[in-house]
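Worksheet: one structure, shown below.
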Amino acid sequence: MRTLWFGIYRIIGVPVLWLTFKVYSVFNSKVREGFAGRENLFVELNKSLRSLGSGKRILIHSSSLGEFQQAIPIVEELSKKNYNAVLSFFSPSGYKNSKIIFSNVIKCYLPFDSVSNQKKFLDIVKPEIIILMRYDLWYNFLYEAKKRNIKIVLANARFDEKDFTWKYPVIRSFKKTLYGMLDTIFVIDEFDKKNYRQNLSEENTKIIKIGDSKFERVYQSAKGFDSKVKIFPEEIIKDKKVFVMGSSWKDDEDVILPAIDKSLAFDKELLTLLVPHEPKETKIEALENIIENKFSNIRSIRYSNIQNYNDENFIIIDKVGLLSKLYSIAYLSYVGGGFKTGLHNILEPAIFNTPVIFSNLVKNSDEDEILIRSGCGIQIHDTKQFYRIFRELLSNIDTRDEIGEKCKLIFKNNIGVAEKIINYIT
Numbered sequence: 171m172r173t174l175w176f177g178i179y180r181i182i183g184v185p186v187l188w189l190t191f192k193v194y195s196v197f198n199s200k201v202r203e204g205f206a207g208r209e210n211l212f213v214e215l216n217k218s219l220r221s222l223g224s225g226k227r228i229l230i231h232s233s234s235l236g237e238f239q240q241a242i243p244i245v246e247e248l249s250k251k252n253y254n255a256v257l258s259f260f261s262p263s264g265y266k267n268s269k270i271i272f273s274n275v276i277k278c279y280l281p282f283d284s285v286s287n288q289k290k291f292l293d294i295v296k297p298e299i300i301i302l303m304r305y306d307l308w309y310n311f312l313y314e315a316k317k318r319n320i321k322i323v324l325a326n327a328r329f330d331e332k333d334f335t336w337k338y339p340v341i342r343s344f345k346k347t348l349y350g351m352l353d354t355i356f357v358i359d360e361f362d363k364k365n366y367r368q369n370l371s372e373e374n375t376k377i378i379k380i381g382d383s384k385f386e387r388v389y390q391s392a393k394g395f396d397s398k399v400k401i402f403p404e405e406i407i408k409d410k411k412v413f414v415m416g417s418s419w420k421d422d423e424d425v426i427l428p429a430i431d432k433s434l435a436f437d438k439e440l441l442t443l444l445v446p447h448e449p450k451e452t453k454i455e456a457l458e459n460i461i462e463n464k465f466s467n468i469r470s471i472r473y474s475n476i477q478n479y480n481d482e483n484f485i486i487i488d489k490v491g492l493l494s495k496l497y498s499i500a501y502l503s504y505v506g507g508g509f510k511t512g513l514h515n516i517l518e519p520a521i522f523n524t525p526v527i528f529s530n531l532v533k534n535s536d537e538d539e540i541l542i543r544s545g546c547g548i549q550i551h552d553t554k555q556f557y558r559i560f561r562e563l564l565s566n567i568d569t570r571d572e573i574g575e576k577c578k579l580i581f582k583n584n585i586g587v588a589e590k591i592i593n594y595i596t
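Heads up: take any position in the sequence shown, counting from 1, add 170, and you land on the numbering used here.
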């Protein structure tokens, strides 16, 4: 079946993909950038490889920047064992924005998935092991790697039960063959383990539950915070119940602000810190207008004007780069984007053991499911529901702390994932 699908994919799939990307590049600047970045791929790759030592090489492939963030703990473990690492990317955003801090690590684009490209790519890199982060499996890439007996593993794998491609016989056959070329799939939990085993029961791929290195990365980033660096004078937040609204959009504010205004009539200790997704002047002026005209209990001030603070209960953060630090002082947190554009990073506040409230009408991640199952995350749909939950957590510190402890367990159970993966495959 593997050879059959190789022939079909090479003759039909690759030309169709190439034409699709070419047409799409006319309308999409990122796709054009991806083509431009691959023009001298092999020449640049040969140059970069000369900077590496003579040790064994491991190739780590990430589709984009998010997957690269999950790979960082794995790269760090490889460096401890003196392996050389080649980081490949599909997306320009991942390639451009990834920061390489180790001397034994280089980065490059993954070439377009033609047979000749992948043969040349693997001949140049000569990896002992290939680690794929989360997803982004390419048939010819894996097929050529298997011919060379290169060990291939998939890390941080999630099984999407809504993925219809596992349900239709022809596409299912292709996917089973594709995933069947993996030696090992490291999954996050029992749900993923069971579903991959059911769908790959006829393949020799090992399915191992090991956890998610993404949580380890967030944990490492939080450890690097300097708690001595203060964002506000101590008297501003002293004895306050700090509520952080992170990465908020208008859709979030339309739901949350009425509940804050109503809550302030009962809880004078409430201090809200709102961090707009895009702190542009027009956005902040519009927000201030709404607050002044619609909400009698909210008194706002900009962070840039904090030297004139006069007991305001609502601070609009008009400076970028502070959100993670703000989450570290939060009594409660809300993460925006879930009503319309896509939920932002809900692990950032969770690492500080604070209940995380969010909406996720636009499904773009699985962290919400993990936080909800653990009892750390709370999903809301409208103002009435948010107000009820908000008031309960503001008035009952024991409930708030109990939920915060559940956040702590999520990260505790995922520490050491990268080390386990590297120890297993090496």
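Glycine is no exception: its CB is placed at the ideal position from the N, C-alpha and C atoms.
Predicted, not measured: the structure shown is a model, and the values here were computed from it.
Backbone secondary structure at residue i - three-state DSSP
i: L492; result: coil
i: G129; result: A question about residue 129 goes unanswered here, because the residues of the chain that appear run from 171 up to 596.
i: I276; result: strand
i: K450; result: coil
i: G416; result: strand
i: S232; result: strand
i: T511; result: coil
i: T596; result: coil
i: L248; result: helix
i: R122; result: As shown, the chain starts at 171 and ends at 596. That puts residue 122 outside it, with no answer to give.
i: K332; result: coil
i: K316; result: helix
i: K411; result: strand
i: S371; result: coil
i: P428; result: helix
i: F581; result: helix
i: T524; result: coil
i: W188; result: helix
i: A435; result: coil
i: G586; result: coil
i: I591; result: helix
i: K464; result: helix
i: L457; result: helix
Contact belief for residue i with residue j at Cβ below 8 Å, rounded distance in angstroms
i: L257; j: I230; result: 5 Å
i: F361; j: A327; result: Actually they do not touch by this definition, with Cβ atoms about 11 Å apart.
i: S343; j: N310; result: The pair is not a contact, with the Cβ atoms about 17 Å apart (cut-off 8 Å).
i: I377; j: Y366; result: 5 Å
i: D422; j: F509; result: 6 Å
i: L444; j: I487; result: 7 Å
i: N415; j: G350; result: Note on residue identity: the sequence assigns Met, not Asn, to residue 415. Contact flag wrong, Cβ pair sits at about 46 Å.
i: T553; j: A392; result: Not quite, the Cβ-Cβ distance comes to about 31 Å (not below 8 Å), so this is no contact.
Member of the options whose CA lies at the smallest distance from the CA of residue i
i: G491; options: N216, A588, M351, I401; result: I401
i: I540; options: F556, I516, D552, L434; result: I516
i: L352; options: I322, E572, S371, I559; result: I322
i: R318; options: R227, E298, Q549; result: E298
i: Y305; options: R172, S234, L496; result: S234
i: A206; options: T375, L348, F282; result: F282
i: I548; options: D568, Y504, F212; result: Y504
i: F259; options: M303, N274, K290; result: M303
i: L493; options: E518, E482, E572; result: E518
i: K590; options: K464, G512, V245; result: V245
i: K316; options: Q288, V340, D333; result: Q288
i: Y557; options: E462, D333, L427; result: L427
i: P243; options: K217, L222, F385; result: F385
i: T596; options: C546, I228, R387; result: I228
i: N216; options: T173, T375, L292; result: L292
N- and C-terminal bounds of the alpha helix (DSSP H) containing residue i
i: T347; result: 339-350
i: N254; result: It is not in any alpha helix (DSSP H) - N254 instead sits in the beta strand (DSSP E) that spans 254-259.
i: A500; result: No alpha helix (DSSP H) contains A500, which DSSP labels as neither H nor E.
i: N530; result: Note, N530: premise wrong, no alpha helix (DSSP H); not H, not E.
i: F356; result: Note, F356: premise wrong, no alpha helix (DSSP H); beta strand (DSSP E) at 354-357.
i: I407; result: 404-407
i: E203; result: 199-207
i: R601; result: There is simply no residue 601 to check, as the chain begins at 171 and stops at 596 in what is shown.
i: F556; result: 553-565
i: K266; result: 262-267
i: N216; result: 211-219
i: P519; result: 517-520
i: L292; result: 285-295
Host beta strand (DSSP E) of residue i (start-end)
i: S470; result: 470-472
i: I378; result: 376-379
i: I300; result: 299-303
i: N326; result: 321-327
Residues bridged to residue i [DSSP beta-bridge criterion]
i: F484; result: T442, S470
i: K364; result: Paired residues: none, contrary to the question.
i: R139; result: Residue numbering for the chain in the displayed model covers 171 to 596; residue 139 lies beyond these limits and cannot be assessed.
Distance cut-off 7 Å: residue i Cβ against heavy atoms of the ligand GTP
i: T511; result: For the ligand GTP, the structure offers nothing, since it holds no ligand at all.
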